[in-house]
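A.B. asks: I have a structure here, written as structure tokens, and I will follow up with some questions on it.
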Amino acid sequence: MDFAEPDELAAHRAAAREWADANVRPEWVAEQLRSGCHQTPELHALFARDGLLAAGWAPEYGGGDVSPGFAQAVFEECTRRGLHFDGWSTTTMVIRTIEHVGTEEQKRAYIPAALRGELLAALGYSEPDSGSDVAAARTTAVRDGDGWVIDGQKMFTSTAQVCSHVFVLARTDPDAAKHKGLSLFLVPTGVPGYERRPIHTLGGQVTNATFYTGVRVPGSALIGGVNDGWNVMKVALVYERGVGNPGTMRKGLAGKLGAWASATRRPDGSRVLDDPSAAERIGRMAVDEEVSRLLGLWMNWRAAKGGVPGVEGTMSKLFYSEASQRHYSDALDILGAAGVLAPDAPGAPAGGAFERDFRAAVVTTIYGGASEVLRDVIAERHLGLPRNRPGKGGP
Amino acid sequence: MNLDLTDDQEALRATLRDFFGKESPPEAVRAAEPLGFDASLWRKAVGLGLPSIAVPAERGGGGAGSVELALAAEAAGWSVAPVPLVEAAVANDLLVSLPRAAVPEPLAARAVAGDLAATVALRPADGDVARLVPAGAVADLVIALRGEELLAVEAAGGTRGAVPNLGSMPNLGSMPVADRRLDEGEATVLATGADALAAHGRAVLHWRLLTAAALAGVAAKALGLGLGYVAHRRAFGTLIGSFQTVQHRLADDATALEGARLLAYEAAWARNAGLPEADALAEMAFLFASETAFRTASDSLHFHGGYGYTLEYDIQLYFRRAKAWPLLAGDRAAAYAALARRLYGRPYGTGRDDASEGRPGPATDTEG
Chain A
104 MDFAEPDELA AHRAAAREWA DANVRPEWVA EQLRSGCHQT PELHALFARD
154 GLLAAGWAPE YGGGDVSPGF AQAVFEECTR RGLHFDGWST TTMVIRTIEH
204 VGTEEQKRAY IPAALRGELL AALGYSEPDS GSDVAAARTT AVRDGDGWVI
254 DGQKMFTSTA QVCSHVFVLA RTDPDAAKHK GLSLFLVPTG VPGYERRPIH
304 TLGGQVTNAT FYTGVRVPGS ALIGGVNDGW NVMKVALVYE RGVGNPGTMR
354 KGLAGKLGAW ASATRRPDGS RVLDDPSAAE RIGRMAVDEE VSRLLGLWMN
404 WRAAKGGVPG VEGTMSKLFY SEASQRHYSD ALDILGAAGV LAPDAPGAPA
454 GGAFERDFRA AVVTTIYGGA SEVLRDVIAE RHLGLPRNRP GKGGP
Chain B
48 MNLDLTDDQE ALRATLRDFF GKESPPEAVR AAEPLGFDAS LWRKAVGLGL
98 PSIAVPAERG GGGAGSVELA LAAEAAGWSV APVPLVEAAV ANDLLVSLPR
148 AAVPEPLAAR AVAGDLAATV ALRPADGDVA RLVPAGAVAD LVIALRGEEL
198 LAVEAAGGTR GAVPNLGSMP NLGSMPVADR RLDEGEATVL ATGADALAAH
248 GRAVLHWRLL TAAALAGVAA KALGLGLGYV AHRRAFGTLI GSFQTVQHRL
298 ADDATALEGA RLLAYEAAWA RNAGLPEADA LAEMAFLFAS ETAFRTASDS
348 LHFHGGYGYT LEYDIQLYFR RAKAWPLLAG DRAAAYAALA RRLYGRPYGT
398 GRDDASEGRP GPATDTEG
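As structure tokens, this is what we get:
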């Protein structure tokens, strides 16, 4: 056994920092906080200009010769500086899916456009009446000559503010069983019948509801086979839950809070870390973070060996999301009254980072598979217990 | 990075499972109560060389590493084997890790060969008495910290100087714990001063590491017992294993089990490699495995319904030990607090220790 996690990007870190120093503008972080949109078009254009988006892709689909390691190091450096690019994450999922199931024509049209930074795709899976039960989607797509007409509503279409497309899950056969009548479409956002309304969240992020009223798309918008959408979704889900999604625990809350508790004194002169109750909770965070790191490592190890990290990914996501909610709640308790102060408020500990992340942690047990669904999956597939949800094909 | 056991380790694991499965079935565990010691099983374990599997070959041991020893502890925990494997392994490792001049060679050789069953008192002695020593009721040799001396006391005659702490029922874990007098029998000073404190501290952490592995085994079996029960017991016309509330608790337990096992292996690997974070990882492994084993055994017992409360079902054997084994090292809450101070305790920015524990909590990774 060998638990050492070599930094495979070590050779690229310095160059990535230089790239970020030369290109990243600090006001973008503030702008993302203000607007709640976790995608900055100016930054994305720079990624495209320098070939970072095209790194690692085949030349026939617009791939370039920039090292994927360097690109990844730049993305991580930008993340470290507080920037999000969720729109590129979802776009990557979509074009990887197209690479697997798309026609040659689609691959040559959509993938190069995305790598040039011109195509950005948000995910249109959830609906007002369906979230974790994603296959219950009611949005419809009906054939119209060579194309399709789409009607329905999608929820939590994050970064659609700046996206050129939405990857829409729609019902193409209302008479078929629940999982068998679905298809996926890459729908442009600038077309008649498309409408977007913002949804404000308690994490500060502004996501969207998107509406489709008689939206006409050409036949080339259909990704994968007609009524084969559930299988197409499975390809996309691997990229959502698995690869390159190590989880928020890597932020190292225990380390940040431990440093704060070590440096901060209470009115009686004692360090916060000398309070046994505070220290105990910080110790628990450190242990959970290590377990979380190991479960993530385990998932990546299984994937690196060529397996599908199904149960490992599910356990990893369940553990880190549940643990991080406990931790941020404990962190605010330890901060006491100052824990309520928002980012950049005068006197906010660590610039309000704990308060901001407490808010954001709320959604981690909901998106990408709610904890209850994940526990069902573990009970069924790992422990061999009877399925307790209505079966596929049910109502 | 490689998270797989080697082929040899896999083979060892299978052998250990077979051995403990056959030699330490629940009937044997019950028969060994209340003392919690099966002399015949112990002779067999010694015959296989398990308590000295990680002692260097040139000192008479098996020459294997910490991971192999952790696998042995895990298998023993899995069958709640009534043998002081963890204690003897810790004592043997301590004896051969001290400077040779300090340890009379016959003493170390006899312990490694299994002629002497050795143990380590986890807490400093209270005057001339080491209190609640794990395996204290059955060990021939006790290593204890008395003041600033690390002593090895070989028991005189049959009493072993042991004061068994038996009440009207077995102790919670049916463990052979006992107070041991350090002023009876033959005492050898192994180390003094800072060396004694450091050697004792290392041994206690080693005990925590191996107990973590044993508790991962306890958790695995407790989960299996619970699953076996809920997959057959019916209530309200259906299997209780189909109820979501039952499934979800077991799913959380199964997730924690994988974490506990990975962390115990990682801590063993780090100890073997002599990494600076090995001590913190051993502490973490102990704390997480303790909580996981108890919660899993507790959930599993609960799902047995009224039968879980009876002595007839095996889950109580696991439930009691899951609580009792780690308690010998004291209150977990205090250990968590000590861990946090160890990781983050230096005033920020004043010394290399801020970040030297690196992975388990990068204290330098602050905002802004």
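Note that the protein sequences, when read in sequence, are chains A and B. In the numbering used here, each residue carries its 1-based index in the first sequence increased by 103. In the numbering used here, each residue carries its 1-based index in the second sequence increased by 47. Ideal Cβ placement from N, Cα and C applies to all residues, glycine included.
Which chain B residues are close to A/Asp479, counting only those with a beta carbon under 9 Å from its beta carbon?
C.D. replies: Gln291, Gln294, His295, Ala298, listed in chain order.
A.B. asks: From A/Val476, A/Pro449, A/Thr310, pick the residue whose C-alpha is nearest to that of A/Lys420; which is it?
C.D. replies: If we check each option's Cα against that of A/Lys420, A/Val476 comes out closest.
A.B. asks: Pop quiz: B/Ala138 and B/Val130 are said to be a contact at Cβ under 8 Å. What is the actual Cβ separation, rounded to whole angstroms?
C.D. replies: No, B/Ala138 and B/Val130 are not in contact; Cβ-Cβ is about 14 Å, not under 8 Å.
A.B. asks: Express the C-alpha separation of A/Tyr423 and A/Gly350 in angstroms, rounding to a whole number.
C.D. replies: Caution is warranted here: a pLDDT of 40 is assigned to A/Gly350, below 50, making its placement in the model unreliable, and the coordinate value is therefore given only provisionally. Rounded to the nearest angstrom, the two C-alpha atoms are 7 Å apart.
A.B. asks: Whether or not the segment 256-267 of chain A and the segment 216-227 of chain A are in contact is what I'm after, with contact meaning three or more pairs of Cβ atoms, one per stretch, closer than 8 Å; do they touch?
C.D. replies: With a cut-off of 8 Å, the segment 256-267 of chain A and the segment 216-227 of chain A count as touching, because enough Cβ pairs lie within range.
A.B. asks: With the cut-off set at 8 Å, would you say B/Leu310 and A/Leu397 are in Cβ contact?
C.D. replies: Yes.
A.B. asks: Buried or exposed for A/Arg103, going by 16 or more other Cβ atoms inside 10 Å?
C.D. replies: Because chain A in this structure spans residues 104 to 498, residue 103 of chain A falls outside the shown range and cannot be described.
A.B. asks: Mapping the DSSP letters down to three states, classify A/Asp76 as helix, strand or coil.
C.D. replies: Residue 76 of chain A cannot be examined here, being either before or after the span of chain A that is shown, 104 to 498.
A.B. asks: Going by alpha carbons, who is nearest to A/Ile385 out of A/Gln209, A/His430, A/Asn403?
C.D. replies: Out of A/Gln209, A/His430, A/Asn403, A/His430 has the C-alpha closest to the C-alpha of A/Ile385.
A.B. asks: Quick one: using the 10 Å Cβ neighbour count with 16 as the cut-off for buried, is B/Leu219 buried or exposed?
C.D. replies: With fewer than 16 other Cβ atoms within 10 Å, it is exposed.
A.B. asks: Of all the residues that make up the segment 122-137 of chain B, which are near chain A by a beta-carbon distance shorter than 8 Å?
C.D. replies: Within the segment 122-137 of chain B, no residue qualifies.
A.B. asks: Got a sec? Which residues, its chain only, sit under 8 Å from B/Arg178 by beta carbon, not counting five neighbours each side?
C.D. replies: Excluding positions up to five away in sequence, the list reads Ala168, Arg170, Ala172, Asp226.
A.B. asks: So that I know if they touch, is there some Cβ in chain D lying closer than 8 Å to that of A/His268?
C.D. replies: Going by chain labels, chain D is absent from the structure shown, which instead holds the protein chains A and B.
A.B. asks: If you drop the 5 nearest sequence neighbours on each side, which residues of the same chain put their C-beta closer than 7 Å to that of A/Pro498?
C.D. replies: A caution first: A/Pro498 carries a pLDDT of 37, below 50, which makes its placement in the model unreliable, though a value can still be read off. If we look at A/Pro498 and ignore the five residues flanking it on each side, it has no Cβ neighbours.
A.B. asks: Apart from the five residues just before and just after B/Glu105, which ones in its own chain have a Cβ nearer than 7 Å to its Cβ?
C.D. replies: Within the same chain, B/Glu105 has no close Cβ partners at all.
A.B. asks: Run through the DSSP bridge pairs and tell me what A/Ser233 is partnered with.
C.D. replies: A/Glu230.
A.B. asks: A/Pro489 touches chain B at which residues, Cβ-Cβ below 8 Å?
C.D. replies: By Cβ distance, chain B contributes Leu286, Gly288, Ser289.
A.B. asks: Whole angstroms is fine: what's the gap from B/Val236's alpha carbon to B/Leu197's?
C.D. replies: Rounded to whole angstroms, B/Val236 to B/Leu197 spans 6 Å at the Cα level.
A.B. asks: Kindly indicate which three-state DSSP category B/Gly415 falls into: helix, strand or coil?
C.D. replies: Unreliable positioning characterises B/Gly415 in this predicted model, as indicated by a pLDDT of 29, which lies under 50. The coordinate reading is nonetheless provided below. In the structure shown, B/Gly415 sits in coil (DSSP, three-state: anything other than H, G, I, E or B).
A.B. asks: Taking A/Phe173 as the reference, give the member of A/Trp122, A/Arg184, A/Ala280 with the closest Cα.
C.D. replies: Nearest option by C-alpha distance: A/Trp122.
A.B. asks: Whose Cβ in chain B lies nearer than 7 Å to the Cβ of A/Ile469?
C.D. replies: Chain B residues near A/Ile469: none, gap ~16 Å exceeds 7 Å.
A.B. asks: Going by other Cβ atoms of all chains shown within 10 Å of its Cβ, with 16 needed for buried, is A/Asp479 buried or exposed?
C.D. replies: Buried is the call here.
A.B. asks: Which ranges does the alpha helix (DSSP H) cover as unbroken runs of at least 4 residues, wholly within the segment 145-171 of chain B, from first to last along the chain?
C.D. replies: List check, alpha helix (DSSP H) in window: 152-160.
A.B. asks: Quick one: what does DSSP say A/Leu155 is sitting in, helix, strand or coil?
C.D. replies: Coil.
A.B. asks: Using a Cβ-Cβ cut-off of 7 Å (strictly less than) and excluding sequence neighbours within five positions of A/Asn348, which residues of its own chain qualify?
C.D. replies: In this predicted model, A/Asn348 has a pLDDT of only 42, less than 50, meaning its place in the structure is not dependable; the value taken from the coordinates is given anyway. Excluding sequence neighbours, A/Asn348 sits near nothing in its chain.
A.B. asks: Given this structure, state the Cα-to-Cα distance separating B/Ala320 from A/Val271, to the nearest angstrom.
C.D. replies: When rounded, the distance between both Cα atoms is 51 Å.
A.B. asks: If we ignore side chains and look at the alpha-carbon of each, how far apart do B/Met331 and A/Arg183 end up?
C.D. replies: If you take the alpha carbons of B/Met331 and A/Arg183, they lie about 27 Å apart.
A.B. asks: May I ask you to list the residues that DSSP assigns as paired with A/Ser286?
C.D. replies: Note: A/Ser286 sits in a beta bridge opposite A/Ala273.
A.B. asks: Give the DSSP bridge partners of B/Ile190, in chain order.
C.D. replies: DSSP lists B/Val167, B/Ala199 as partners of B/Ile190.
A.B. asks: Have a look at A/Trp404 and B/Asn49 and give me their C-alpha separation to the nearest angstrom.
C.D. replies: Computed Cα separation, rounded: 7 Å.
A.B. asks: Return the CA-CA distance between A/Val346 and A/Ala406, expressed in angstroms with no decimal places.
C.D. replies: Because A/Val346 carries a pLDDT of 40, less than 50, the predicted location of this residue cannot be relied on, and no value is offered for it.
A.B. asks: Give the straight-line distance between the Cα atoms of A/Lys283 and A/Pro493, rounded to the nearest whole angstrom.
C.D. replies: For A/Lys283 and A/Pro493, the distance between alpha carbons rounds to 15 Å.
A.B. asks: Which residue's Cα is closest to the Cα of A/Trp191: A/Thr200, A/Gly185, A/Gly220?
C.D. replies: Checking every option, the nearest Cα to that of A/Trp191 belongs to A/Gly220.
A.B. asks: Taking the continuous alpha helix (DSSP H) assigned at A/Asn126, which residues delimit it?
C.D. replies: Unbroken alpha helix (DSSP H) run through A/Asn126: 113-126.
A.B. asks: Would you list the one or two residues that DSSP bridges to A/Phe314?
C.D. replies: According to DSSP, which records beta bridges pairwise, A/Phe314 is partnered with A/Gln256, A/Glu298.
A.B. asks: Starting from A/Asp247, trace the beta strand (DSSP E) both ways and give me its first and last residue.
C.D. replies: Looking at the DSSP string, the run of the beta strand (DSSP E) that includes A/Asp247 is 243-247.
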